[in-house]
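Engineer:
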Amino acid sequence: MMNRDEQIMLLESMAGIFIRCFFLTIALLFLWVVFFFLLGDWAYYLHSRWFELSSHAYDLLFYYGMALIKTCAFIFFLFPYIAIKLVLRKIIKS
3 MMNRDEQIML LESMAGIFIR CFFLTIALLF LWVVFFFLLG DWAYYLHSRW FELSSHAYDL
63 LFYYGMALIK TCAFIFFLFP YIAIKLVLRK IIKS
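Quick note on my numbering: the sequence shown kicks off at 3 and runs consecutively.
(1) Applying the criterion that 16 or more other CB atoms from any shown protein chain within 10 Å of the CB defines a buried residue, is residue 39 buried or exposed?
(2) If you draw a straight line from the alpha carbon of residue 82 to that of residue 20, how long is it in whole angstroms?
(3) With distance defined between alpha-carbon atoms, name the residue in 5, 51, 30, 3 nearest to residue 71.
(4) Indicate whether residue 80 and residue 24 have their beta-carbon atoms separated by less than 8 Å.
(5) Check the C-beta distance from residue 12 over to residue 89 and give it rounded, since I have them as a contact under 8 Å.
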């Protein structure tokens with residue numbers, strides 16, 4: 003069984019990991035947006051050779067992909083970080 007200090011250390015470590023993962027995911031999204039705006043035509047040309055995609059379908063895939071990554075970042079990294087911080091606040095107050 004873990005004592006109180008070990009629980010706090012474990013939760014703080016987990017919170018640190020979650021927030022770093024969240025920021026790394028946001029950085030990935032930023033790079034994705036930069037890539038999309040700077041090299042979007044080239045990437046469309048490359049992918050349209052492999053798959054029969056219209057320009058509109060290609061744009062939709064990119065935007066849906068970005069939305070999926072952003073949603074996953076919030077659900078899997080930011081929300082657990084907030085929950086751990088709330089638990090830590092409760093543990094420290096008691």
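Positions of the beta carbon are idealized from the N, C-alpha and C atoms, including for glycine.
Structural biologist: The structure says:
(1) exposed
(2) 7 Å
(3) 30
(4) yes
(5) In fact, because the Cβ distance is near 11 Å, the residues do not count as touching under 8 Å.
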